[in-house]
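Reviewing the structure listed below.
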Amino acid sequence: MLDFIDYVSSTLNRFLAFDPALGVVLYEQLGDVTRYRMAIERQDRKHWARISRYWYQKAADRNPNIGRIQHSLAVLSHSDVLQKLFYLTKAFVSVQPYPPGHGQATIDIFFDHWKNLPFQHDMAAHFVIVHSALLVNDSGDRFKTSANIFMSLLPRHVQRPRSLNQHEVYIMSCNIASILGYGTPEYQHMADHFSKQNSGAAASESTSVQKKADAIFLTFGTLSVLLRHSKFPNVVPGIHISLAFLWRVSFHRSVMEMLEVAVPWQAVTAFLNSLFSHDTAFSKIEDQNFPVGDYGTAAQLPEDLLIRGQVWSKFYYPESFLKDASGYGISLDELDQEEVVRKNRCLWLGVQIAKNSLTGSTEIAVVIGISTCASTACPPAGEVMGTILYHGGFDPQYHEASQLPYQNFTVTVPTLITAGNGQINIANVVLVGVSIL
Numbered sequence: 004m005l006d007f008i009d010y011v012s013s014t015l016n017r018f019l020a021f022d023p024a025l026g027v028v029l030y031e032q033l034g035d036v037t038r039y040r041m042a043i044e045r046q047d048r049k050h051w052a053r054i055s056r057y058w059y060q061k062a063a064d065r066n067p068n069i070g071r072i073q074h075s076l077a078v079l080s081h082s083d084v085l086q087k088l089f090y091l092t093k094a095f096v097s098v099q100p101y102p103p104g105h106g107q108a109t110i111d112i113f114f115d116h117w118k119n120l121p122f123q124h125d126m127a128a129h130f131v132i133v134h135s136a137l138l139v140n141d142s143g144d145r146f147k148t149s150a151n152i153f154m155s156l157l158p159r160h161v162q163r164p165r166s167l168n169q170h171e172v173y174i175m176s177c178n179i180a181s182i183l184g185y186g187t188p189e190y191q192h193m194a195d196h197f198s199k200q201n202s203g204a205a206a207s208e209s210t211s212v213q214k215k216a217d218a219i220f221l222t223f224g225t226l227s228v229l230l231r232h233s234k235f236p237n238v239v240p241g242i243h244i245s246l247a248f249l250w251r252v253s254f255h256r257s258v259m260e261m262l263e264v265a266v267p268w269q270a271v272t273a274f275l276n277s278l279f280s281h282d283t284a285f286s287k288i289e290d291q292n293f294p295v296g297d298y299g300t301a302a303q304l305p306e307d308l309l310i311r312g313q314v315w316s317k318f319y320y321p322e323s324f325l326k327d328a329s330g331y332g333i334s335l336d337e338l339d340q341e342e343v344v345r346k347n348r349c350l351w352l353g354v355q356i357a358k359n360s361l362t363g364s365t366e367i368a369v370v371i372g373i374s375t376c377a378s379t380a381c382p383p384a385g386e387v388m389g390t391i392l393y394h395g396g397f398d399p400q401y402h403e404a405s406q407l408p409y410q411n412f413t414v415t416v417p418t419l420i421t422a423g424n425g426q427i428n429i430a431n432v433v434l435v436g437v438s439i440l
């Protein structure tokens, strides 16, 4: 038997070496076969589920863009309801989406389980109910009640001991999927936007205004909760992918106009200001290119492997960044380095969002090259001197881009910038490179 297994394994390896693309098909079919074993061998169901999940994950590592494989992973995610909902919604907003109509049976079975259950203090259950309401376009009291209860219970959940289960990433990914309409046909224009590097076309108004508003309320209400509790390490990966989404949105003016009023910009900038330390890589966060390490390589974060393959994350990573990602794993002694990489990513995203010159109602600026700081409490409070290099939200009628950089200005953080002959009122200032006197 061992000789047979060795022979088959070596033969398969030769096939894969000849044509690596066969790996996706082969691994997915192995997942299908072992999933069939779940149906006929009830006693060993969990055993075959683990094997099937292993093969589907191998297929997803080979090609994370295929929504059908993500849907299969959702079917096999039994122990973690947030993970199951994550894979289900990711399948619908993948680069090659799994049509929601094809997954209707999975959706019905999943959400029917939560109907009429006593779950007053279950954060995950209320989160599921919220997405159930959005999927069926139910904007009544059930959505509002469950959304508010979910956000009230979330702070207690994020304060749990450091965890590798990535719940905050699952939550924000599901919420982003709701903004994209879970890939339903009437939201096709959203997918069309994100399939391009940038766009300026007007957003479609064919979809339900209330459904759109509910999804935006849920997404940025959740982000506000995470930002208020950003001192807890479990929260930052969820904030990171939210900033990545906002960065992608900043390339599509019509989408940003729809979202920007709901974004908690002041909390975003306060979070970014809290990240600066002696080891902040200023040259990397100012660079237009994706931040890389000292040897020209970019470290992968656990959340990178979760959001890859989604239509909105398509242009976030360099082309070869996620190759050979299947073997990535992070151990506890690497967590400090992981936090540094994530911090620099978040700061880089903040700079890029500001550089993309958001529309007039979005008030966020990035201040680089501060020369003096009048208070030892600065940042995030006090009066500083320096140069504005990047900005977003200034009214172009009064402040043309050609006027940048503003030299020798005064900032009273976080409400006022004085530059040239007058004052520029701006709500949020990100300080980069402050030298305290």
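Quick note, the sequence shown lines up with residues 4 to 440 if you use this note's numbering.
Cβ atoms here follow ideal geometry from the backbone N, Cα and C, with glycine treated the same way.
All of these numbers come straight from a predicted model, not from anything done at the bench.
Between the stretch 95-106 and the stretch 122-134 there are fewer than three C-beta pairs closer than 8 Å, too few to call the two in contact.
With respect to residue 221, residue 181 sits close: the two C-beta atoms are nearer than 9 Å.
Sorting 256, 249, 240 and 347 by C-alpha distance to the C-alpha of residue 286 places 347 at the top. Comparing C-alpha distances from residue 251 to each of 171, 305, 183 and 65 shows the shortest one belongs to 183. Each residue's CA atom was taken as its position, placing residue 18 and residue 276 some 52 Å apart. When rounded, the separation of the alpha-carbon atoms in residue 30 and residue 273 is 45 Å. A distance below 9 Å separates the beta carbons of residue 85 and residue 173.
In the assembly as shown, residue 322 is an exposed residue. Its beta-carbon has fewer than 16 other beta-carbons within 10 Å.
Looking at the DSSP output, residue 69 bridges to 99. Out of 137, 80, 316 and 77, the CA that lies nearest to the CA of residue 213 is found in 137. Residue 313 has 97 as its beta-bridge partners, per DSSP. Look at the beta carbons and you see the stretch 60-72 not touching the stretch 40-47: under three pairs across the two are nearer than 8 Å.
Non-local beta-carbon contacts of residue 245 in its own chain, meaning distances under 6 Å to residues more than five positions away in sequence, involve 175 and 226 in chain order.
Assignment of residue 266 by DSSP, reduced to helix, strand and coil, places it in the coil class. Its chain contains 239, 242, 243, 246, 274, 275 and 278 as the residues whose beta carbon lies nearer than 8 Å to that of residue 349, once the 5 sequence neighbours on both sides are disregarded; these appear in chain order. When secondary structure is reduced to three states using DSSP, residue 124 falls in the coil class, being assigned neither helix nor strand.
Within a 10 Å sphere around the beta-carbon of residue 292 sit fewer than 16 other beta-carbons, which makes this residue exposed. DSSP places residue 321 outside both helix and strand once states are collapsed to three, so it counts as coil. As the crow flies, the alpha-carbon of residue 147 is around 21 Å from that of residue 261. By the beta-carbon neighbour count (other beta carbons within 10 angstroms, threshold 16), residue 116 is exposed. 9 Å or more divides the Cβ of residue 237 from the Cβ of residue 303.
The continuous alpha helix (DSSP H) containing residue 158 extends over residues 144-161.
Cβ neighbours of residue 127 within its own chain (closer than 7 Å, five residues either side excluded): 84 and 85. For residue 170, the enclosing alpha helix (DSSP H) covers residues 170-182. The alpha carbon of residue 233 has as its nearest neighbour, out of 135, 159, 318 and 38, the alpha carbon of 159.
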